[in-house]
Every structure is written in C-alpha cells, then in structure tokens.
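**Q** In this text, residue positions in the sequence shown follow the working numbering: the first is 3, and each later residue adds one.
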Amino acid sequence: MRFLVIKRRAIIIAVIAATVFALALTGVYYTGAAAIYNNVSPKKVPIYSVETDEKAVALTFDAAWGADKTLGILETLEEKDACATFFLVGFWAEKYEKELKTLAESERIEIGTHSATHPYMSKLSKSQMSLELSTSKSLIEKISGRKVELFRPPYGDYSDALLNTAQEQGLYTIQWDVDSLDWKNLSKEQIASRVVGNCRNGSIVLMHNDGKHTLEALPAIIDGLRAKGYKFKTVGQLIYKDNYTIDHTGRQIRS
3 MRFLVIKRRA IIIAVIAATV FALALTGVYY TGAAAIYNNV SPKKVPIYSV ETDEKAVALT
63 FDAAWGADKT LGILETLEEK DACATFFLVG FWAEKYEKEL KTLAESERIE IGTHSATHPY
123 MSKLSKSQMS LELSTSKSLI EKISGRKVEL FRPPYGDYSD ALLNTAQEQG LYTIQWDVDS
183 LDWKNLSKEQ IASRVVGNCR NGSIVLMHND GKHTLEALPA IIDGLRAKGY KFKTVGQLIY
243 KDNYTIDHTG RQIRS
C-alpha cells in the first residue's frame with residue numbers, strides 16, 4: 003500500500019514537471035504569457051534630454067504660483083544674451099496676464115503649458131486630461147499671441163494616456179534631466195553648482211520662476227555653463243520635432 007502511495011506521488015510530480023516544461027517551451031509560462039498574448043510594449047517616456055554633439059542646453063522655468071521674480075529673470079536672460087522656456091499653469095497666466103505679455107514680447111522666451119490647474123494628471127480621466135491641456139493651451143495662446151507646442155506635466159507625473167493625449171493636441175511632453183532643486187530653497191551657490199556641475203550636451207534644466215534664490219543664482223548658472231563652452235537654446239530649438247526615438251531614460255535620439 004505504501005509503495006502505491008509513493009508511486010502515485012511520483013507520477014503526479016512527473017506530470018507537473020512535464021506540464022511546466024511544456025509551457026516554458028511554448029513561451030506561455032508565468033509572466034511570459036502576458037507579454038506574448040497581450041503584446042506588451044515598453045512604457046512611453048517624455049523627453050528628458052536630447053542626444054546631440056552640440057554643446058547646448060535649455061534653461062526652463064515652471065510658473066504656477068508667484069510672479070515677483072519673473073521679470074527679473076527675463077532681464078537677466080537679456081543682459082546675459084541667453085534664452086529660456088517658461089511652462090505656465092493656466093491660472094497663473096490668467097492672474098499674471100501683464101507678466102505673460104511681457105514674456106511673450108521677448109524673442110528670448112519660449113512659452114509652453116504646465117496644465118490648467120496643476121493636478122496630478124495621471125489620476126485624471128482622458129477627457130479631464132484633454133480639458134486641462136486644451137483650456138490652458140488656448141488661454142496662453144490668447145494672452146500671449148504665441149503658439150503653444152510644449153507641455154510639462156505638473157510634479158513630473160505622467161502616464162501613457164497623458165502622453166498620448168498631449169500628442170493628439172500637437173504637444174511635445176517635456177521633463178528634465180537636471181533639477182536645480184531651487185524649490186527646496188537652496189542657496190544661490192548650491193543651485194548654481196548643481197546646474198553647472200550636472201549639465202551635459204542636450205540637458206534640460208528645471209527651475210522655477212518663484213524660487214527663493216533662483217534669480218540670484220541665474221547669472222552664475224549662465225556664466226558657469228558658458229565658461230564650459232555651452233550655448234543656450236529654448237526647448238523647442240533643442241529637441242527634434244520628427245524622425246526621433248526616445249530611450250528608456252528619456253533621452254531623445256535622432257533616428
């Protein structure tokens with residue numbers, strides 16, 4: 003009787019092993035099954051930086067709350083012969099219409115949208131995402147007289163659905179590969195050191211128009227990068243508009 007039980011267990015184990023082996027051979031065992039039958043593709047990624055032989059970087063400023071230092075940033079850029087891209091939240095553009103019009107008058111400034119209300123957009127429905135983009139885009143274009151082609155997600159938060167929605171509205175989704183951390187109220191020396199020390203060809207630098215020491219740090223950032231041989235471009239000038247791929251790190255590469 004004991005022999006029969008042992009034999010039965012051996013047969014069951016052998017059957018299980020054979021089944022697992024067969025599934026592995028057909029490519030449907032465990033997680034491989036989902037990949038094969040669902041045709042899983044890599045997650046979409048925004049543009050964090052650009053692969054280029056040119057020593058060029060893009061300075062960017064997100065504007066969501068205050069505006070006290072905005073025109074000072076513009077004046078510094080003009081004095082230093084540099085340029086930058088501002089990503090504006092819709093309610094900021096509406097509240098600070100005068101500042102927006104002044105920015106739009108400068109050829110050194112490019113303007114993009116940072117959403118309408120600064121939400122975590124990956125948590126929204128597709129229709130809500132679309133509304134955030136279309137309303138902010140229309141508002142900024144109406145006030146500035148500039149066409150908006152760039153979008154930066156609030157908090158850097160995104161999803162495939164958001165990237166697809168932005169693309170449907172003709173927007174390139176832009177992140178950053180160099181964070182100044184000016185929003186942490188670092189000193190002007192710390193901010194400048196972080197930016198100048200971490201930039202490479204094709205870097206996109208994140209700053210904020212209302213950072214406590216951003217305006218103070220800006221001259222040293224521009225001078226420091228220029229001393230390293232970098233020139234300044236807006237994001238729209240830096241990125242490729244067609245014939246490109248984006249790797250898993252967000253590095254945009256010319257096809």
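Glycine included, each C-beta is placed from N, C-alpha and C at the ideal position. Computed from a prediction, not measured in an experiment: that's the story for all the values here.
Would His120 be called buried (16 or more neighbouring beta carbons within 10 Å of its own) or exposed?
**A** Classification for His120: buried.
**Q** Beta carbon of Thr216, beta carbon of Lys128: below 9 Å?
**A** It is not a contact, given that the beta carbons lie outside the stated cut-off.
**Q** Determine the extent of the beta strand (DSSP E) in which Ala106 is found, giving its start and end residues.
**A** No beta strand (DSSP E) holds Ala106; the alpha helix (DSSP H) holding it covers Glu99 to Glu107.
**Q** Looking at Lys100 and the ligand ZN, is the gap between the Cβ and the nearest heavy atom below 8 Å?
**A** As far as ligands go, the structure on display features none, and thus does not contain the ligand ZN.
**Q** If you reduce the DSSP assignment to three classes, tell me which class Asp1 lands in.
**A** Since the displayed the chain opens at 3 and closes at 257, residue 1 lies outside it and no answer follows.
**Q** Checking the sheet assignment: what are the DSSP bridge partners for Glu151?
**A** DSSP output for Glu151 lists no bridge partner at all.
**Q** So the candidates are Glu109, Ile75, Cys85 and Gly147; which of them puts its Cα closest to the Cα of Glu99?
**A** Per the Cα distances, Gly147.
**Q** Do Glu151 and Leu173 have their CB atoms nearer than 9 Å?
**A** Against a cut-off of 9 Å, the Cβ pair of Leu173 and Glu151 comes out as a contact.
**Q** Run through DSSP, which three-state label would Asp249 get?
**A** It is coil, neither helix nor strand.
**Q** Decide if Asn245 is buried, meaning its Cβ has at least 16 other Cβ atoms within 10 Å, or exposed.
**A** Burial call: exposed.
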